[in-house]
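Mapped onto the numbering used here, the consecutive letters of the sequence shown carry residue numbers 29 to 389.
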Amino acid sequence: MLERFKVPDEDKIFVDSEKIFDLTKNILKNIGVSEKGANNTASVLIGNDLRGVESHGVSNGLRLYLDRYKDGTYNPSPNIKILRETPTTAKIDGDNAIGTEIGPVAMDMAIEKAQKYGMGSVSVINTGHLAGCGHYVLQAAEKDMIGHCYTGSPAGQTLPTGGSEPILGTNPVAWGAPANEMPSFLFDIATSQVAGNKIELTRRTGAKLLPSWIADKSGNPIIEEIETPGKGDYHLLPFGGTRENGSHKGYGLGMVAEIMSNILSGAGPGLFNDHQGSDYFAAYSIDAFTDVQKFKLDMDSLLTKIIDSKPAKGFERVVYAGFLENEEFEKRSTKGIPYHKEVVTWFENYCKKVGVDFNLR
29 MLERFKVPDE DKIFVDSEKI FDLTKNILKN IGVSEKGANN TASVLIGNDL RGVESHGVSN
89 GLRLYLDRYK DGTYNPSPNI KILRETPTTA KIDGDNAIGT EIGPVAMDMA IEKAQKYGMG
149 SVSVINTGHL AGCGHYVLQA AEKDMIGHCY TGSPAGQTLP TGGSEPILGT NPVAWGAPAN
209 EMPSFLFDIA TSQVAGNKIE LTRRTGAKLL PSWIADKSGN PIIEEIETPG KGDYHLLPFG
269 GTRENGSHKG YGLGMVAEIM SNILSGAGPG LFNDHQGSDY FAAYSIDAFT DVQKFKLDMD
329 SLLTKIIDSK PAKGFERVVY AGFLENEEFE KRSTKGIPYH KEVVTWFENY CKKVGVDFNL
389 R
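Now the structure itself:
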(Lines of atoms letter the chains of each structure in order from A and count residues from 1; the text may use other names and numbers.)
(Lines give C-alpha, C1' and ligand atoms only; values in the text may rest on other atoms or scores of the structure.)
Protein backbone atom coordinates (compact mmCIF):
# COMPACT_ATOMS: atom_id res chain seq x y z
CA MET A 1 0.00 0.00 0.00
CA LEU A 2 1.28 3.47 -0.84
CA GLU A 3 2.79 5.46 2.02
CA ARG A 4 0.08 8.12 1.76
CA PHE A 5 -2.53 5.58 2.83
CA LYS A 6 -0.63 4.39 5.90
CA VAL A 7 -1.34 5.60 9.43
CA PRO A 8 1.10 8.36 10.49
CA ASP A 9 3.50 7.17 13.19
CA GLU A 10 2.16 9.66 15.73
CA ASP A 11 -1.38 8.32 15.27
CA LYS A 12 -0.61 4.58 15.45
CA ILE A 13 -1.91 2.26 18.13
CA PHE A 14 -0.72 -1.35 17.76
CA VAL A 15 -3.41 -3.93 18.48
CA ASP A 16 -2.99 -7.69 18.82
CA SER A 17 -4.67 -9.40 15.86
CA GLU A 18 -6.44 -11.98 18.02
CA LYS A 19 -7.92 -9.27 20.24
CA ILE A 20 -9.29 -7.23 17.32
CA PHE A 21 -10.59 -10.43 15.72
CA ASP A 22 -12.47 -11.44 18.87
CA LEU A 23 -13.85 -7.94 19.40
CA THR A 24 -15.03 -7.64 15.79
CA LYS A 25 -16.70 -11.04 16.03
CA ASN A 26 -18.41 -10.14 19.33
CA ILE A 27 -19.71 -6.85 17.95
CA LEU A 28 -21.26 -8.66 14.98
CA LYS A 29 -22.78 -11.36 17.18
CA ASN A 30 -24.21 -8.61 19.39
CA ILE A 31 -26.38 -7.37 16.53
CA GLY A 32 -27.65 -10.82 15.63
CA VAL A 33 -25.09 -12.25 13.20
CA SER A 34 -24.54 -16.00 13.63
CA GLU A 35 -21.34 -17.47 15.06
CA LYS A 36 -20.25 -18.69 11.61
CA GLY A 37 -21.22 -15.46 9.87
CA ALA A 38 -19.41 -13.31 12.42
CA ASN A 39 -16.36 -15.57 12.22
CA ASN A 40 -16.28 -15.32 8.41
CA THR A 41 -16.57 -11.53 8.37
CA ALA A 42 -13.97 -11.07 11.11
CA SER A 43 -11.61 -13.44 9.27
CA VAL A 44 -11.89 -11.44 6.05
CA LEU A 45 -11.52 -8.00 7.66
CA ILE A 46 -8.67 -8.89 10.02
CA GLY A 47 -6.98 -10.93 7.29
CA ASN A 48 -6.97 -7.80 5.13
CA ASP A 49 -5.55 -5.74 7.99
CA LEU A 50 -2.82 -8.31 8.63
CA ARG A 51 -1.78 -8.13 4.97
CA GLY A 52 -1.68 -4.32 5.12
CA VAL A 53 -4.85 -3.84 3.07
CA GLU A 54 -6.31 -1.43 5.63
CA SER A 55 -8.70 0.11 3.13
CA HIS A 56 -10.70 -3.13 3.30
CA GLY A 57 -10.22 -3.98 6.96
CA VAL A 58 -12.14 -3.04 10.09
CA SER A 59 -11.18 0.65 9.91
CA ASN A 60 -13.59 1.34 7.06
CA GLY A 61 -15.58 -1.87 6.90
CA LEU A 62 -17.06 -2.58 10.30
CA ARG A 63 -18.86 0.69 10.95
CA LEU A 64 -20.24 0.64 7.38
CA TYR A 65 -21.54 -2.88 7.92
CA LEU A 66 -23.15 -1.99 11.24
CA ASP A 67 -24.99 0.90 9.58
CA ARG A 68 -26.23 -1.42 6.83
CA TYR A 69 -27.41 -4.02 9.31
CA LYS A 70 -29.19 -1.28 11.23
CA ASP A 71 -31.01 0.14 8.19
CA GLY A 72 -32.00 -3.32 6.94
CA THR A 73 -29.75 -3.41 3.88
CA TYR A 74 -27.94 -6.48 5.24
CA ASN A 75 -29.68 -9.50 6.72
CA PRO A 76 -28.00 -10.82 9.90
CA SER A 77 -29.86 -14.16 9.63
CA PRO A 78 -29.87 -15.01 5.91
CA ASN A 79 -31.50 -18.11 4.44
CA ILE A 80 -28.82 -18.94 1.89
CA LYS A 81 -30.10 -21.09 -1.00
CA ILE A 82 -28.61 -22.87 -3.99
CA LEU A 83 -30.71 -21.83 -7.00
CA ARG A 84 -28.89 -23.73 -9.75
CA GLU A 85 -26.20 -26.37 -9.65
CA THR A 86 -24.18 -28.64 -11.94
CA PRO A 87 -21.15 -30.76 -11.03
CA THR A 88 -18.84 -27.80 -11.74
CA THR A 89 -21.02 -24.73 -11.20
CA ALA A 90 -23.53 -23.25 -8.79
CA LYS A 91 -25.61 -20.14 -8.30
CA ILE A 92 -26.38 -19.02 -4.74
CA ASP A 93 -29.00 -16.61 -3.41
CA GLY A 94 -27.39 -14.86 -0.46
CA ASP A 95 -30.68 -13.46 0.92
CA ASN A 96 -29.01 -10.06 1.45
CA ALA A 97 -26.19 -11.51 3.53
CA ILE A 98 -23.07 -9.40 3.74
CA GLY A 99 -20.52 -10.56 1.17
CA THR A 100 -17.89 -11.29 3.80
CA GLU A 101 -20.21 -13.87 5.35
CA ILE A 102 -21.15 -15.73 2.18
CA GLY A 103 -17.92 -15.25 0.18
CA PRO A 104 -15.91 -17.88 2.09
CA VAL A 105 -18.82 -20.31 1.74
CA ALA A 106 -19.04 -19.76 -2.02
CA MET A 107 -15.30 -20.19 -2.57
CA ASP A 108 -15.29 -23.35 -0.44
CA MET A 109 -18.02 -24.71 -2.71
CA ALA A 110 -15.97 -23.85 -5.81
CA ILE A 111 -12.95 -25.58 -4.25
CA GLU A 112 -14.95 -28.72 -3.47
CA LYS A 113 -16.14 -28.91 -7.06
CA ALA A 114 -12.61 -28.39 -8.36
CA GLN A 115 -11.33 -31.18 -6.13
CA LYS A 116 -13.81 -33.57 -7.78
CA TYR A 117 -13.91 -32.29 -11.36
CA GLY A 118 -10.83 -30.10 -11.86
CA MET A 119 -12.67 -26.77 -11.96
CA GLY A 120 -15.45 -25.14 -9.99
CA SER A 121 -17.22 -21.79 -10.22
CA VAL A 122 -19.96 -20.21 -8.13
CA SER A 123 -21.94 -17.01 -8.65
CA VAL A 124 -23.75 -15.24 -5.83
CA ILE A 125 -26.68 -12.83 -6.01
CA ASN A 126 -28.39 -10.76 -3.33
CA THR A 127 -25.29 -10.12 -1.29
CA GLY A 128 -23.31 -7.19 0.06
CA HIS A 129 -19.79 -5.83 0.39
CA LEU A 130 -17.06 -8.42 -0.21
CA ALA A 131 -14.16 -6.39 1.29
CA GLY A 132 -11.98 -6.95 -1.75
CA CYS A 133 -11.36 -10.28 -3.45
CA GLY A 134 -7.95 -11.29 -2.10
CA HIS A 135 -9.08 -13.31 0.90
CA TYR A 136 -11.11 -15.66 -1.27
CA VAL A 137 -8.50 -16.46 -3.89
CA LEU A 138 -6.06 -17.27 -1.09
CA GLN A 139 -8.53 -19.90 0.10
CA ALA A 140 -7.94 -21.67 -3.20
CA ALA A 141 -4.18 -21.12 -3.23
CA GLU A 142 -3.95 -22.73 0.21
CA LYS A 143 -5.54 -25.85 -1.33
CA ASP A 144 -2.98 -26.01 -4.19
CA MET A 145 -5.41 -24.37 -6.59
CA ILE A 146 -5.55 -21.20 -8.63
CA GLY A 147 -8.26 -18.91 -7.30
CA HIS A 148 -10.20 -16.28 -9.18
CA CYS A 149 -12.81 -13.77 -8.04
CA TYR A 150 -14.86 -10.88 -9.45
CA THR A 151 -17.30 -8.65 -7.65
CA GLY A 152 -19.70 -6.15 -9.19
CA SER A 153 -19.78 -3.38 -6.60
CA PRO A 154 -22.62 -0.82 -6.46
CA ALA A 155 -22.80 1.01 -9.80
CA GLY A 156 -22.59 4.69 -10.57
CA GLN A 157 -19.08 5.26 -9.20
CA THR A 158 -16.62 4.86 -12.08
CA LEU A 159 -16.62 6.68 -15.41
CA PRO A 160 -16.16 4.86 -18.71
CA THR A 161 -13.15 6.15 -20.62
CA GLY A 162 -14.21 9.39 -22.30
CA GLY A 163 -17.50 9.53 -20.40
CA SER A 164 -19.00 12.09 -18.05
CA GLU A 165 -21.56 9.79 -16.37
CA PRO A 166 -20.39 7.09 -13.95
CA ILE A 167 -21.68 3.70 -15.10
CA LEU A 168 -19.73 0.99 -13.29
CA GLY A 169 -18.74 0.29 -9.71
CA THR A 170 -15.13 -0.11 -8.65
CA ASN A 171 -15.59 -3.78 -9.69
CA PRO A 172 -12.63 -5.50 -7.99
CA VAL A 173 -10.92 -8.58 -9.42
CA ALA A 174 -8.35 -10.99 -7.98
CA TRP A 175 -6.23 -13.99 -8.89
CA GLY A 176 -4.17 -16.13 -6.55
CA ALA A 177 -1.69 -18.95 -7.16
CA PRO A 178 0.49 -20.98 -4.78
CA ALA A 179 4.25 -21.36 -4.85
CA ASN A 180 6.59 -23.73 -3.04
CA GLU A 181 8.89 -21.65 -0.80
CA MET A 182 7.96 -18.19 -2.04
CA PRO A 183 4.82 -16.36 -0.86
CA SER A 184 1.74 -17.01 -2.99
CA PHE A 185 1.01 -14.76 -5.94
CA LEU A 186 -1.92 -12.54 -4.91
CA PHE A 187 -3.23 -9.94 -7.36
CA ASP A 188 -6.22 -8.10 -5.87
CA ILE A 189 -7.28 -4.77 -7.37
CA ALA A 190 -10.16 -2.43 -7.97
CA THR A 191 -10.63 -1.68 -11.66
CA SER A 192 -10.95 2.01 -10.84
CA GLN A 193 -7.79 4.10 -10.67
CA VAL A 194 -8.07 4.16 -6.89
CA ALA A 195 -10.36 2.11 -4.66
CA GLY A 196 -13.17 4.06 -3.05
CA ASN A 197 -12.14 2.84 0.40
CA LYS A 198 -8.62 4.19 -0.12
CA ILE A 199 -10.12 7.64 -0.62
CA GLU A 200 -11.79 7.18 2.76
CA LEU A 201 -8.36 6.43 4.25
CA THR A 202 -7.05 9.78 3.00
CA ARG A 203 -9.80 11.54 4.95
CA ARG A 204 -8.40 9.91 8.09
CA THR A 205 -4.69 10.35 7.34
CA GLY A 206 -4.90 13.80 5.71
CA ALA A 207 -3.06 12.68 2.56
CA LYS A 208 -3.78 14.29 -0.82
CA LEU A 209 -5.02 12.54 -3.96
CA LEU A 210 -2.55 12.15 -6.80
CA PRO A 211 -3.10 13.48 -10.35
CA SER A 212 -5.56 11.52 -12.55
CA TRP A 213 -6.98 9.51 -9.66
CA ILE A 214 -10.41 11.11 -9.92
CA ALA A 215 -12.46 13.33 -12.24
CA ASP A 216 -14.64 16.34 -11.60
CA LYS A 217 -18.42 16.12 -11.91
CA SER A 218 -18.17 16.84 -15.65
CA GLY A 219 -15.88 13.88 -16.23
CA ASN A 220 -12.66 15.86 -16.61
CA PRO A 221 -9.66 14.09 -15.04
CA ILE A 222 -8.15 16.21 -12.28
CA ILE A 223 -4.49 16.30 -13.27
CA GLU A 224 -3.01 17.93 -10.20
CA GLU A 225 -2.58 16.77 -6.63
CA ILE A 226 -5.56 17.85 -4.54
CA GLU A 227 -7.12 17.59 -1.11
CA THR A 228 -9.76 14.86 -0.89
CA PRO A 229 -13.04 16.41 -2.10
CA GLY A 230 -16.34 15.94 -0.33
CA LYS A 231 -18.41 12.84 -0.94
CA GLY A 232 -20.42 13.20 -4.13
CA ASP A 233 -18.17 15.95 -5.49
CA TYR A 234 -16.14 13.74 -7.82
CA HIS A 235 -16.22 10.61 -9.98
CA LEU A 236 -13.75 7.73 -10.04
CA LEU A 237 -11.70 7.02 -13.16
CA PRO A 238 -10.92 3.55 -14.54
CA PHE A 239 -7.38 2.49 -13.73
CA GLY A 240 -4.96 4.12 -16.09
CA GLY A 241 -6.67 7.44 -15.33
CA THR A 242 -6.64 8.92 -18.82
CA ARG A 243 -6.99 7.42 -22.31
CA GLU A 244 -3.38 8.34 -23.05
CA ASN A 245 -2.25 6.34 -20.02
CA GLY A 246 -4.36 3.30 -20.87
CA SER A 247 -7.61 3.84 -18.97
CA HIS A 248 -9.42 1.84 -21.66
CA LYS A 249 -7.74 -1.24 -20.20
CA GLY A 250 -9.08 -0.61 -16.71
CA TYR A 251 -12.46 0.25 -18.19
CA GLY A 252 -12.49 -3.01 -20.16
CA LEU A 253 -11.51 -5.09 -17.15
CA GLY A 254 -14.22 -3.36 -15.11
CA MET A 255 -16.69 -4.41 -17.81
CA VAL A 256 -15.45 -8.01 -17.57
CA ALA A 257 -16.09 -7.95 -13.82
CA GLU A 258 -19.57 -6.52 -14.42
CA ILE A 259 -20.38 -9.26 -16.92
CA MET A 260 -18.96 -12.13 -14.86
CA SER A 261 -20.59 -11.05 -11.59
CA ASN A 262 -23.77 -9.05 -12.16
CA ILE A 263 -24.88 -10.20 -15.61
CA LEU A 264 -23.83 -13.87 -15.58
CA SER A 265 -25.53 -14.32 -12.19
CA GLY A 266 -28.81 -12.99 -13.57
CA ALA A 267 -28.83 -10.02 -11.20
CA GLY A 268 -28.52 -7.69 -14.19
CA PRO A 269 -26.38 -4.59 -14.73
CA GLY A 270 -25.80 -2.80 -11.45
CA LEU A 271 -26.76 0.56 -12.93
CA PHE A 272 -30.31 -0.56 -13.72
CA ASN A 273 -31.00 -2.66 -10.65
CA ASP A 274 -31.26 -1.72 -7.01
CA HIS A 275 -28.81 -4.25 -5.58
CA GLN A 276 -25.53 -4.13 -3.70
CA GLY A 277 -23.70 -6.25 -6.24
CA SER A 278 -23.06 -9.87 -7.16
CA ASP A 279 -19.97 -12.04 -7.00
CA TYR A 280 -18.17 -14.75 -8.96
CA PHE A 281 -15.74 -17.26 -7.47
CA ALA A 282 -13.68 -19.87 -9.31
CA ALA A 283 -11.10 -22.49 -8.39
CA TYR A 284 -8.86 -24.44 -10.76
CA SER A 285 -7.22 -27.63 -9.49
CA ILE A 286 -3.60 -27.53 -10.60
CA ASP A 287 -3.30 -31.31 -10.71
CA ALA A 288 -5.99 -31.38 -13.40
CA PHE A 289 -3.49 -29.65 -15.68
CA THR A 290 0.01 -30.47 -14.47
CA ASP A 291 2.00 -31.89 -11.58
CA VAL A 292 1.38 -29.74 -8.50
CA GLN A 293 4.96 -29.80 -7.25
CA LYS A 294 6.33 -28.88 -10.68
CA PHE A 295 3.88 -25.97 -10.86
CA LYS A 296 4.94 -24.68 -7.45
CA LEU A 297 8.65 -25.04 -8.24
CA ASP A 298 8.14 -23.23 -11.55
CA MET A 299 6.33 -20.48 -9.64
CA ASP A 300 9.30 -20.25 -7.27
CA SER A 301 11.69 -19.92 -10.23
CA LEU A 302 9.71 -17.05 -11.72
CA LEU A 303 9.02 -15.26 -8.45
CA THR A 304 12.61 -15.59 -7.24
CA LYS A 305 13.87 -14.16 -10.54
CA ILE A 306 11.58 -11.17 -10.10
CA ILE A 307 12.72 -10.56 -6.52
CA ASP A 308 16.40 -10.92 -7.49
CA SER A 309 16.15 -8.66 -10.55
CA LYS A 310 17.90 -5.29 -10.55
CA PRO A 311 15.67 -2.36 -9.50
CA ALA A 312 15.40 0.81 -11.56
CA LYS A 313 16.71 4.11 -10.26
CA GLY A 314 14.58 5.37 -7.39
CA PHE A 315 13.44 1.91 -6.32
CA GLU A 316 14.97 -0.17 -3.56
CA ARG A 317 13.80 -3.53 -4.90
CA VAL A 318 11.48 -5.32 -7.30
CA VAL A 319 8.52 -7.27 -5.90
CA TYR A 320 5.44 -9.08 -7.20
CA ALA A 321 1.79 -9.02 -6.23
CA GLY A 322 1.39 -10.65 -2.82
CA PHE A 323 5.03 -10.36 -1.70
CA LEU A 324 4.65 -7.19 0.36
CA GLU A 325 1.33 -8.38 1.74
CA ASN A 326 3.06 -11.52 3.02
CA GLU A 327 5.79 -9.43 4.65
CA GLU A 328 3.16 -7.34 6.40
CA PHE A 329 1.30 -10.46 7.50
CA GLU A 330 4.38 -11.92 9.17
CA LYS A 331 5.27 -8.63 10.84
CA ARG A 332 1.79 -7.74 12.05
CA SER A 333 1.06 -11.26 13.27
CA THR A 334 3.79 -10.80 15.89
CA LYS A 335 3.93 -7.04 16.49
CA GLY A 336 0.25 -6.19 16.14
CA ILE A 337 -1.78 -4.22 13.60
CA PRO A 338 -1.16 -0.43 13.51
CA TYR A 339 -4.59 1.21 13.66
CA HIS A 340 -5.28 4.92 13.60
CA LYS A 341 -6.11 6.19 17.08
CA GLU A 342 -9.47 7.40 15.73
CA VAL A 343 -10.36 3.79 14.89
CA VAL A 344 -9.51 2.50 18.37
CA THR A 345 -11.48 5.35 19.93
CA TRP A 346 -14.47 4.48 17.73
CA PHE A 347 -14.32 0.87 18.92
CA GLU A 348 -14.16 2.00 22.54
CA ASN A 349 -17.12 4.36 22.21
CA TYR A 350 -19.22 1.86 20.27
CA CYS A 351 -18.58 -0.91 22.80
CA LYS A 352 -19.64 1.36 25.66
CA LYS A 353 -22.85 2.21 23.82
CA VAL A 354 -23.90 -1.38 23.12
CA GLY A 355 -22.45 -3.13 26.15
CA VAL A 356 -19.70 -5.19 24.50
CA ASP A 357 -16.47 -5.68 26.47
CA PHE A 358 -13.65 -3.52 25.05
CA ASN A 359 -10.12 -4.93 25.32
CA LEU A 360 -7.92 -3.10 22.82
CA ARG A 361 -6.03 -0.66 25.06
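From the three backbone atoms N, C-alpha and C, an ideal C-beta is built for every residue, glycine too.
(request) For G278, collect the residues of the same chain with a Cβ closer than 6 Å to its Cβ; drop the 5 residues on either side in sequence, then sort them by chain order. (result) Counting from 1 along the sequence shown, the entry for residue 278 is found at position 250. Within the same chain, and ignoring the five residues on either side of G278 in sequence, the residues whose Cβ sits closer than 6 Å to its Cβ are T219, P266, F267, G268.
(request) Assign P249 to buried or exposed, taking buried as 16 or more other Cβ atoms, counted over all protein chains shown, within 10 Å of its Cβ. (result) Along the sequence shown, one-based indexing puts residue 249 at 221. With 16 or more Cβ atoms within 10 Å of its Cβ, P249 is classed as buried.
(message) Taking 8 Å as the cut-off, does the region 287-305 touch the region 145-162 (at least 3 CB pairs, one atom from each stretch)?
(response) In short, these stretches touch, since the Cβ pair count reaches three.
(message) Quick check on the DSSP output: the alpha helix (DSSP H) that includes Y93 runs from which residue to which?
(response) Here residue 93 is taken as the residue at index 65 of the sequence shown, counted from 1. Looking at the DSSP string, the run of the alpha helix (DSSP H) that includes Y93 is 86-98.
(request) Grab me the residues of F386's own chain with a C-beta within less than 8 Å of its C-beta, minus the 5 sequence neighbours each way, in chain order. (result) What you label residue 386 is simply residue 358 of the sequence shown in a count that begins at 1. If you ignore the 5 residues before and after F386, its C-beta comes within less than 8 Å of the C-beta of L51, F375, E376, C379, K380, all in its own chain and listed in chain order.
(request) Flag this pair as touching only if the region 190-203 and the region 232-240 have three or more C-beta atom pairs under 8 Å; answer yes or no. (result) With contact defined as three or more Cβ pairs closer than 8 Å, the region 190-203 and the region 232-240 are not in contact.
(request) Say whether the region 92-106 touches the region 134-143, bearing in mind that this needs 3 or more beta-carbon pairs closer than 8 Å, one atom from each stretch. (result) Fewer than three beta-carbon pairs drawn from the region 92-106 and the region 134-143 are found closer than 8 Å, and the two stretches are therefore not classed as touching.
(message) Check for me: the beta strand (DSSP E) holding W374 runs from which residue to which?
(response) The sequence position of residue 374 within the sequence shown is 346, counting from 1. In this chain, W374 is not harboured by any beta strand (DSSP E); it is covered by the alpha helix (DSSP H) spanning 369-382.
(request) Just tell me which of E272, I227, I126, A285 has its CA closest to the CA of D261. (result) Here residue 261 corresponds to residue number 233 of the sequence shown, with the count starting at 1. Distance check between D261 and each of E272, I227, I126, A285 places I227 closest, using alpha-carbon atoms only.
(request) Could you name the residues of the same chain whose beta carbon sits closer than 7 Å to that of T189, not counting the 5 residues immediately before and after it, in chain order? (result) Counting from one through the sequence shown, the residue named residue 189 turns up at place 161. Taken in chain order, the residues that qualify are P266, R271, S275, H276, Y279.
(message) Can you tell me whether S240 is helix, strand or coil according to DSSP?
(response) Here residue 240 corresponds to residue number 212 of the sequence shown, with the count starting at 1. Residue state, collapsed to three classes: coil.
(request) Taking D121 and I139 to be in contact with their CB atoms under 8 Å, please state how far apart those CB atoms are, rounded to whole angstroms. (result) Here residue 121 is taken as the residue at index 93 of the sequence shown, counted from 1. Here residue 139 is taken as the residue at index 111 of the sequence shown, counted from 1. About 20 Å separates the CB atoms of D121 and I139; that is not less than 8 Å, and the two are not in contact.
(request) With DSSP collapsed to three states, give me the class of E113. (result) Here the question's residue 113 lines up with position 85 in the sequence shown. E113 falls in the strand class under three-state DSSP.
(message) Using 8 Å as the threshold, is the C-beta distance between L111 and I59 below it?
(response) As a working note, residue 111 is residue 83 in the sequence shown. As a working note, residue 59 is residue 31 in the sequence shown. No, they are not a contact pair.
(request) Only counting runs of 3 or more residues, tell me where the beta strand (DSSP E) segments fall wholly within the region 109-153, in order along the chain. (result) The region 109-153 is shown to contain whole beta strand (DSSP E) runs of 3 or more residues at 109-113, 117-125, in chain order.
(request) Just tell me which of F309, L299, F300 has its CA closest to the CA of S289. (result) Here residue 289 corresponds to residue number 261 of the sequence shown, with the count starting at 1. Among F309, L299, F300, the Cα nearest to that of S289 belongs to F309.
(request) From the DSSP output, read off the bridge partner residues of L264. (result) In the sequence shown, counting from the first residue as 1, residue 264 sits at position 236. DSSP lists T186, I242 as partners of L264.
(request) With Y348 as the anchor, note down where its alpha helix (DSSP H) starts and where it stops. (result) As a working note, residue 348 is residue 320 in the sequence shown. Where Y348 is concerned, there is no enclosing alpha helix (DSSP H), given that its DSSP letter is neither H nor E.
(message) Taking the beta carbon of D319 as the centre, do at least 16 other beta carbons fall within 10 Å, making it buried, or is it exposed?
(response) Residue mapping note: residue 319 aligns to position 291 of the sequence shown, counting from 1. A residue is called buried when at least 16 other Cβ atoms come within 10 angstroms of its Cβ; D319 does not meet this threshold and is exposed.
(request) Using the Cα positions of K40 and I365, report the straight-line distance between them to the nearest angstrom. (result) Mapped onto the sequence shown, residue 40 falls at position 12. Mapped onto the sequence shown, residue 365 falls at position 337. Each residue's CA atom was taken as its position, placing K40 and I365 some 9 Å apart.
(message) I need the boundaries of the beta strand (DSSP E) containing G191, first residue and last residue.
(response) Position 163 of the sequence shown, counted from the first residue, corresponds to residue 191. That residue, G191, is in no beta strand (DSSP E); it is neither H nor E in DSSP.
(message) In the DSSP assignment, the beta strand (DSSP E) including F386 goes from what residue to what residue?
(response) Along the sequence shown, read from residue 1 onward, the residue named residue 386 stands at position 358. For F386, no beta strand (DSSP E) encloses it, and the DSSP letter there is neither H nor E.
(request) Starting from A202, follow its DSSP beta bridges and name the residues at the other end. (result) Taking the sequence shown and counting its residues from 1, one reaches residue 202 at position 174. Looking at the DSSP output, A202 shares a beta bridge with C177, D216.
(request) Give the DSSP-derived three-state secondary structure of D307 in the structure shown. (result) Looking up residue 307 in the sequence shown gives position 279. Residue state, collapsed to three classes: strand.
(message) My parser needs the beta strand (DSSP E) runs of 3 or more residues fully inside the region 36-81; what are they?
(response) The region 36-81 contains these whole beta strand (DSSP E) runs: 40-43.
(request) For my contact list, I126 and L90 are in at a C-beta cut-off of 8 Å; report their separation, rounded to the angstrom. (result) Indexing the sequence shown from 1 puts residue 126 at position 98. Indexing the sequence shown from 1 puts residue 90 at position 62. At roughly 11 Å, the Cβ-Cβ gap does not stay under 8 Å, so I126 and L90 are not in contact.
(message) Please return the same chain residues whose Cβ sits closer than 7 Å to the Cβ of E255, not counting the five positions on each side in sequence.
(response) Position 227 of the sequence shown, counted from the start, is the residue given in the question as residue 255. Excluding residues up to 5 positions away in sequence, K236 lie with their Cβ nearer than 7 Å to the Cβ of E255 in the same chain.
(request) Please work out which residues of its chain come closer than 7 Å, Cβ to Cβ, to G247, disregarding the five sequence neighbours upstream and downstream, and give them in chain order. (result) As a first step, residue 247 must be located in the sequence shown, where it is residue number 219. Once the five neighbours on either side are set aside, the close Cβ partners of G247 are L187, G191, S192, H263.
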